[in-house]
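Colleague: Encoded as structure tokens, here's the structure I'll be asking about.
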Amino acid sequence: MPKNTLHIKNIDIQTTHIMLKTDINCDIKPFIQNQREIILNEIKENPNFLKSYTPIPLIDKKPILKLMTKAGEIANTGPMAAVAGSISEMCLDYLESFKSKFSIVENGGDIALKTNKKINMGIYAGKTSFSYNYGFKIKPKPYKYGICTSSYDGPSKSFGSTDATIVFSKQSSIADSLATSIGNYGNGNTENEVVHNALSYAEKYSDYYEGVLVIKGETLGKTGHIPQLISINNTHVKEAFEIE
Numbered sequence: 058m059p060k061n062t063l064h065i066k067n068i069d070i071q072t073t074h075i076m077l078k079t080d081i082n083c084d085i086k087p088f089i090q091n092q093r094e095i096i097l098n099e100i101k102e103n104p105n106f107l108k109s110y111t112p113i114p115l116i117d118k119k120p121i122l123k124l125m126t127k128a129g130e131i132a133n134t135g136p137m138a139a140v141a142g143s144i145s146e147m148c149l150d151y152l153e154s155f156k157s158k159f160s161i162v163e164n165g166g167d168i169a170l171k172t173n174k175k176i177n178m179g180i181y182a183g184k185t186s187f188s189y190n191y192g193f194k195i196k197p198k199p200y201k202y203g204i205c206t207s208s209y210d211g212p213s214k215s216f217g218s219t220d221a222t223i224v225f226s227k228q229s230s231i232a233d234s235l236a237t238s239i240g241n242y243g244n245g246n247t248e249n250e251v252v253h254n255a256l257s258y259a260e261k262y263s264d265y266y267e268g269v270l271v272i273k274g275e276t277l278g279k280t281g282h283i284p285q286l287i288s289i290n291n292t293h294v295k296e297a298f299e300i301e
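Adding 57 to a residue's 1-based position in the sequence shown gives its number in this note's numbering.
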């Protein structure tokens with residue numbers, strides 16, 4: 058795909074930081090603002106929507122609230138564990154409504170994508186040697202695909218100690234909540250123990266993901282099917298994505 062066919066935007070709205078690459082030329086910012094307003098209004102009406110670390114009943118049936126609530130029910134988390142991935146997924150759905158064949162929506166590291174080309178994506182795992190040196194080769198995905206990461210020092214609350222818990226799923230909303238849930242169980246006295254405990258806990262959710270990769274220090278482990286791991290030499294890939 059020639060680069061001049063892609064529209065690249067960085068959209069920052071308070072705590073939402075989106076990097077967008079898409080073949081659709083549209084102003085998506087008002088749509089994102091609307092999704093944020095829906096969430097903020099729900100929090101005003103139902104403060105538990107923000108505060109709960111466990112699933113809560115669905116009260117308002119607006120699509121983004123349904124995504125967040127369902128993802129929380131699946132992963133045994135509160136709905137806010139899926140907020141970034143759900144916004145990414147809603148943005149991808151919006152772009153798909155314009156017949157997009159290539160869109161990558163990254164929201165603070167939580168990604169929803171649909172591609173007709175191979176892409177290379179860098180890994181960020183804190184101060185470990187995996188950060189900026191390794192990544193994934195993502196095959197064309199003609200359907201929705203989610204890649205979400207949780208870590209002990211990330212912007213969202215984590216009760217675990219993994220440097221990166223990365224979940225690959227057909228929905229980024231679910232990948233986001235699962236990354237949080239699985240990462241919460243990444244505890245132990247050694248790197249191996251942290252990785253083992255997180256992956257062991259991940260097995261109970263295997264119906265909802267394609268694969269999980271966990272990094273602690275210089276130890277890496279995975280379950281299920283993850284994209285091909287590659288060495289990263291291109292600075293551009295380290296920052297975001299490279300299209301083959």
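Backbone N, C-alpha and C fix where the C-beta goes; we use that ideal spot for every residue, glycine too. All values derive from a computational prediction rather than experimental measurement.
(1) How close, in whole Å, do the beta carbons of residue 141 and residue 125 come, if the pair is a contact with beta carbons under 8 Å?
(2) Hey, how far is the Cα of residue 89 from the Cα of residue 144?
(3) Which two residues bound the contiguous alpha helix (DSSP H) that contains residue 258?
(4) Output the distance between the C-alpha atoms of residue 69 and residue 132, rounded to the nearest integer angstrom.
(5) Should the stretch 191–207 be called in touch with the stretch 100–115, which here means at least 3 C-beta pairs below 8 Å?
(6) If we cut at 8 Å on Cβ distances, does residue 65 have a partner in chain B?
(7) Using a 10 Å radius around the Cβ and a threshold of 16 neighbouring Cβ atoms, would you call residue 204 buried or exposed?
(8) Quick one, which of 152, 110, 251 has its alpha-carbon nearest residue 219's?
(9) Evaluate contact between the stretch 259–279 and the stretch 154–164, counting only Cβ atoms and requiring at least three cross-stretch pairs below 8 Å.
(10) Are residue 227 and residue 202 touching if we call contact CB-CB under 8 Å?
(11) Could you tell me the alpha carbon to alpha carbon distance between residue 22 and residue 242, rounded to whole angstroms?
(12) Which class does residue 288 belong to by DSSP, given the choice of helix, strand or coil?
(13) According to DSSP, is residue 107 part of a helix, a strand, or is it coil?
(14) Any idea what DSSP makes of residue 243, helix, strand or coil?
(15) List the endpoints of the continuous alpha helix (DSSP H) containing residue 126.
(16) Hey, how far is the Cα of residue 198 from the Cα of residue 170?
(17) In terms of residue numbering, what span does the alpha helix (DSSP H) encompassing residue 149 cover?
Modeller: Taking the coordinates as given:
(1) About 10 Å; that fails the 8 Å criterion.
(2) In this structure, the CA atom of residue 89 is about 7 Å from the CA atom of residue 144.
(3) 248–259
(4) 28 Å
(5) no
(6) In the displayed structure, chain B is absent; only one protein chain is listed.
(7) buried
(8) Measuring from the Cα of residue 219, the nearest candidate turns out to be 251.
(9) No, the stretch 259–279 does not touch the stretch 154–164.
(10) It is a contact, given that the beta carbons lie within the stated cut-off.
(11) For residue 22 there is no data in the structure shown, the boundaries of the chain being 58 and 301.
(12) In the structure shown, residue 288 sits in a strand (DSSP, three-state: E or B).
(13) In the displayed model, residue 107 falls within a helix according to three-state DSSP.
(14) coil
(15) 120–132
(16) 8 Å
(17) Where residue 149 is concerned, the enclosing alpha helix (DSSP H) stretches over 140–153.
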